[in-house]
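A short write-up of the structure that comes next.
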Amino acid sequence: MLENPIKPHACEILDILPQTETEWTFRVANDRPVRHGQFMQLSLPRIGEAPISASGFGSGYVDFTIRKVGKVTDGLFSLQKGDSIFLRGCYGNGWPLERFRNKHVVIIAGGTGVSAVKSLVDMMYNDQSYAKDLHLIFGFKNTCSVLFSDDLLRWKNAASFHATYTLDAEEAEGWQKGLVTDFLGSIPFASFGGDYECIVVGPPIMMKFTGLGLLTSGVPEDHIWMSFERKMSCAIGKCGHCRIDETYVCLDGPVFNYTIGRSLVD
Ligand SMILES: Cc1cc2nc3c(=O)[nH]c(=O)nc-3n(C[C@H](O)[C@H](O)[C@H](O)COP(=O)(O)OP(=O)(O)OC[C@H]3O[C@@H](n4cnc5c(N)ncnc54)[C@H](O)[C@@H]3O)c2cc1C
Ligand code: FES
253 MLENPIKPHA CEILDILPQT ETEWTFRVAN DRPVRHGQFM QLSLPRIGEA PISASGFGSG
313 YVDFTIRKVG KVTDGLFSLQ KGDSIFLRGC YGNGWPLERF RNKHVVIIAG GTGVSAVKSL
373 VDMMYNDQSY AKDLHLIFGF KNTCSVLFSD DLLRWKNAAS FHATYTLDAE EAEGWQKGLV
433 TDFLGSIPFA SFGGDYECIV VGPPIMMKFT GLGLLTSGVP EDHIWMSFER KMSCAIGKCG
493 HCRIDETYVC LDGPVFNYTI GRSLVD
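Okay, so the sequence shown: first residue is 253 according to the numbering used here, each after it adds one.
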C-alpha cells in the first residue's frame with residue numbers, strides 16, 4: 253500500500269541543546285534519508301506545524317535548531333528529552349553538492365541562517381578534500397545570539413577553512429565588529445580563477461544586501477545560491493501557499509540559484 257506522503261510520524265526527542273535563550277537544538281530520532289539543505293515539517297497535535305531545516309543528521313537522528321517565535325515553536329520549547337514530536341519529510345531540493353566539488357566555496361550566513369548550512373560545513377570539514385577551500389563569513393547580532401560556539405571554533409581551526417565571524421555592534425575577542433557585508437572585500441575572488449560558488453543564507457535584508465554586494469564584487473549571478481524561508485502548508489507542491497509566480501518554494505527550493513532567487517529576495 254502507498255504511504256500517505258503528508259502523514260506525520262511520532263519521533264522521540266533524544267536530546268535538547270540550548271544554544272541561546274531563544275534558540276535550541278533538538279536532536280530527534282529519525283531513520284529517513286536527509287540531504288544537506290532540506291527541511292522537515294515539525295508538528296504538535298492541536299497546535300500546528302512549522303517547516304524547520306535539518307541543522308545536522310547522522311545514524312538514527314536529525315537535528316533542528318529552532319528559534320522560539322510563535323505557537324508551534326513555543327510548544328516545542330515546552331517539551332523535554334523523551335517526549336515525542338511529529339515529523340514529515342524531508343522536503344525540498346537541498347544544496348547542489350556537485351556544484352561545490354573541487355571549487356573554492358564561499359558561505360555567508362547570518363543568525364539562524366547558519367543552521368541551514370551547518371551540516372554542509374560539517375560535511376566539508378569531515379572531508380577537507382571535497383572543496384578546494386572554504387571561506388566562511390558568519391554574523392550574529394551579539395555574543396548572546398551566537399549559535400554553535402564549539403563548531404565555530406572547530407571550523408576556524410580547520411586547515412582548509414578561512415573563517416571570519418562578525419558581531420553587528422559588539423566588540424569581543426575572536427570576532428570582527430560589523431555586518432557580514434562589511435567583510436565581502438576580504439574574499440579573494442580574483443585569485444579563484446572563476447572556479448568558485450557562493451552560498452548566502454540569513455534574514456531577508458541580509459540576503460538582499462549580500463547578493464548585491466557579491467554582484468558588486470564581480471561575482472556572476474549564477475555563482476550565487478540562496479535558501480529561502482516562505483510560509484508553507486503542504487510542503488509538497490499541492491496547496492500553493494509558498495507559490496511566487498510559477499515557483500513553488502517548497503518543491504523547487506528552498507535552495508535557488510540567484511538567477512531565479514533574485515526575484516524572491518524581499
Ligand atoms: C524552508 C524553511 C526552513 C526553516 N528553517 C528554520 C530553522 O531551521 N529554524 C527556525 O527557527 N525557523 C526556521 N524556519 C522558520 C519557521 O518555520 C517559522 O519561524 C515558523 O513560522 C515558526 O512557527 P511558529 O508556529 O512557532 O510561529 P508563528 O506562530 O507562525 O509565528 C511566526 C512569526 O509570525 C509572528 N506572528 C504570529 N502570529 C502573528 C499575528 N497574529 N500577527 C502578527 N505576527 C504574528 C510571530 O511573532 C513570529 O515572528 C524555516 C522556514 C522555512 C520555510
Ligand atoms: S507549501 Fe503547499 S505548495 Fe508549497
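Idealized CB from N, CA, C, for every residue including glycine.
This one's a predicted model, so the numbers in the text were calculated from it and none came from an experiment.
Residue j beta carbon less than 9 Å from that of residue i
i, j, result
"V324", "A306", "no"
"W477", "C450", "yes"
"R319", "T274", "yes"
"N256", "P506", "no"
Euclidean distance between Cα positions of residue i and residue j
i, j, result
"V314", "F441", "34 Å"
"T395", "G430", "13 Å"
"I265", "A281", "6 Å"
"G463", "I488", "28 Å"
"M459", "G470", "17 Å"
"T277", "F392", "17 Å"
"N354", "W347", "15 Å"
"L436", "G465", "7 Å"
"I258", "G363", "30 Å"
First through last residue of the beta strand (DSSP E) which encompasses residue i
i, result
"F461", "First-last for F461: 456 to 468, but that is the alpha helix (DSSP H), not the beta strand (DSSP E)."
"I488", "Taken as a continuous stretch (DSSP letters only), I488 belongs to no beta strand (DSSP E), as it is neither H nor E."
"R319", "313 to 319"
"D385", "385 to 392"
Of the listed residues the options, nearest to residue i (C-alpha basis)
i, options, result
"D474", "A415, S330, G513", "G513"
"A411", "E425, D385, T433, P270", "D385"
"A262", "L294, K460, Y382, Q271", "L294"
"F508", "L467, V453, H493, C486", "V453"
"F444", "V357, G300, M375, F461", "V357"
"F352", "T511, D267, H387", "H387"
Sequence-distant residues of its chain with Cβ nearer than 8 Å to residue i (five each side left out)
i, result
"L404", "F390, V398, A415, Y417"
"E423", "K429"
Endpoints, alpha helix (DSSP H) assigned at residue i
i, result
"D403", "401 to 408"
"Y377", "365 to 378"
"D326", "323 to 329"
"E275", "E275 -> not in any alpha helix (DSSP H); beta strand (DSSP E) instead, spanning 275 to 281."
"T433", "That residue, T433, is in no alpha helix (DSSP H); it is neither H nor E in DSSP."
"G492", "It is not in any alpha helix (DSSP H) - G492 carries neither H nor E in the DSSP assignment."
Interface flag, residue i vs chain D, CB-CB below 9 Å
i, result
"G341", "No chain D is part of this structure, which consists of one protein chain only."
Own chain, CB closer than 6 Å to residue i, minus 5 neighbours either side, in chain order
i, result
"T511", "E473, D474"
"A368", "S305, V453, S479"
"E301", "Q293, S295"
Neighbourhood of residue i by C-beta, 7 Å cutoff - its chain only, sequence neighbours within 5 removed
i, result
"K408", "A415"
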